[in-house]
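Take a look at the structure below.
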Amino acid sequence: MALLLRRLKRTHIWKRLLVERFSEPLHLNLLSLVVAVFGSLRTKILFDLCIRQQHAFGLLTAADDALAGGYKSVTVIEFGVANGVGLLNICALAQKISKLTGISFNIVGFDNVNGMPPLRDYRDHPELYQPGWFPMEEPAQLRAKLPANARLILGDITDTIPDYLSTLSGDSPIGFVSVDVDYYWSTVNALKSLVAVPELYLPRVTMYFDDIARAEHNPWCGELAAIGDFNAANGSRKIAPYNFLRVNRLFKNAMWIDQMYTLHVLDHPARFRALRDHGRVIIDNPYMGLKGREG
Ligand SMILES: C[S@@+](CC[C@H](N)C(=O)[O-])C[C@H]1O[C@@H](n2cnc3c(N)ncnc32)[C@H](O)[C@@H]1O
Numbered sequence: 033m034a035l036l037l038r039r040l041k042r043t044h045i046w047k048r049l050l051v052e053r054f055s056e057p058l059h060l061n062l063l064s065l066v067v068a069v070f071g072s073l074r075t076k077i078l079f080d081l082c083i084r085q086q087h088a089f090g091l092l093t094a095a096d097d098a099l100a101g102g103y104k105s106v107t108v109i110e111f112g113v114a115n116g117v118g119l120l121n122i123c124a125l126a127q128k129i130s131k132l133t134g135i136s137f138n139i140v141g142f143d144n145v146n147g148m149p150p151l152r153d154y155r156d157h158p159e160l161y162q163p164g165w166f167p168m169e170e171p172a173q174l175r176a177k178l179p180a181n182a183r184l185i186l187g188d189i190t191d192t193i194p195d196y197l198s199t200l201s202g203d204s205p206i207g208f209v210s211v212d213v214d215y216y217w218s219t220v221n222a223l224k225s226l227v228a229v230p231e232l233y234l235p236r237v238t239m240y241f242d243d244i245a246r247a248e249h250n251p252w253c254g255e256l257a258a259i260g261d262f263n264a265a266n267g268s269r270k271i272a273p274y275n276f277l278r279v280n281r282l283f284k285n286a287m288w289i290d291q292m293y294t295l296h297v298l299d300h301p302a303r304f305r306a307l308r309d310h311g312r313v314i315i316d317n318p319y320m321g322l323k324g325r326e327g
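Taken in order, the sequence shown gives residues 33 to 327; the numbers are from our numbering.
Here it is as structure tokens:
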């Protein structure tokens, strides 16, 4: 509650509330008050009542998908941690979602401590971001605040990802990735975490891209350019905007909706299992009295 009150003191939060929330139908906003007090966690996430809705949605989707795939645990990555507010938010939400779904989370935050690295070229958006911005001021303090299921991996992600991937196991596949490293080149390197053996991922990995929502962002620079290049370079791994998410959300003006993507792991064994072991599905036709069935 104290965190919520502190956030409400910031003017950009009011602007977002005005544009995203007060522009929604009155009955939904009134219903939100009831849900805020009496609603379950799942309903609160549906009503966008958690701080950093993108994390709440991404974590819940990963947990649900993990459960459906028969896993007990799922791995979550944040690329770009800075002072850790996003990572601690992920940890707090994950704890609640674990209680709800029974899925446990392994959480990892990647950062180089010193803030943004040197710029390489115009694709890093030098007009928006500068070297040295967003340093991690208290890495030891942040580490001490993390729960037992979360850890920080410090250093340039170019160097730290290969070792990290070698420690991963298919028992806890990657299910949600938040990319908040701002630059094109940092994103290119972060996305290298998505091309290891398919068993290290859920068949579809929910992703959030933080730095694609300003007017200056475009498909030839920054995170959007890195997504385009990733797709061009990889035949069986594709990152696409999360399909029809806006239609399926109650609050359709929320900005985060357009920042959600999915990594489709097209070479995932689950897809081949489904190809092999397919049953028979028959579509009903009430006009002719035919019943639908599966088997
Ligand atoms: C905008 S900040 C992240 C903010 C954070 N996600 C939050 O919620 O507060 C971007 C971070 O990305 C990190 N970063 C950018 N490029 C990096 C790289 N190549 N390796 C490691 N960290 C990088 C910077 O150190 C910086 O802390």
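Even glycine gets a Cβ: it sits at the ideal position worked out from N, Cα and C.
From a predicted model like this one, the values you see are computed outputs, not experimental measurements.
Roughly how many angstroms separate the alpha carbons of residue i and residue j, rounded to a whole number?
i    : j    : result
G118 : Q85  : 11 angstroms
D97  : R278 : 19 angstroms
F241 : Y103 : 25 angstroms
L197 : L184 : 14 angstroms
L232 : S225 : 10 angstroms
A182 : I314 : 46 angstroms
A258 : W217 : 8 angstroms
D243 : G254 : 8 angstroms
V10  : A228 : Because the chain is modelled from 33 through 327, residue 10 falls outside the range shown and cannot be assessed.
N138 : S201 : 11 angstroms
L322 : R312 : 15 angstroms
C82  : N61  : 14 angstroms
E56  : D195 : 46 angstroms
L78  : F283 : 9 angstroms
P158 : R48  : 26 angstroms
Could you tell me if residue i is buried or exposed, where buried requires 16 or more neighbouring beta carbons within 10 angstroms of its beta carbon?
i    : result
H310 : exposed
W46  : exposed
N146 : exposed
R152 : exposed
F111 : buried
For residue i, tell me which candidate among the options has the shortest Cα-Cα distance.
i    : options                : result
G187 : V209, L92, V113        : V113
F142 : A95, A124, S72, T219   : T219
Q127 : A172, G147, L178       : L178
D290 : P301, S268, L256, G267 : L256
Y161 : M292, P149, L60, T238  : P149
Q173 : S130, I193, G116, V140 : G116
P205 : L63, P301, S55         : P301
T190 : V213, N121, R175       : V213
L99  : D203, A272, N275, H296 : D203
If residue i sits next to residue j, beta carbons under 8 angstroms apart, how far is it from one beta carbon to the other, in whole angstroms?
i    : j    : result
G327 : D316 : Incorrect: roughly 14 angstroms between the Cβ atoms, too far for contact.
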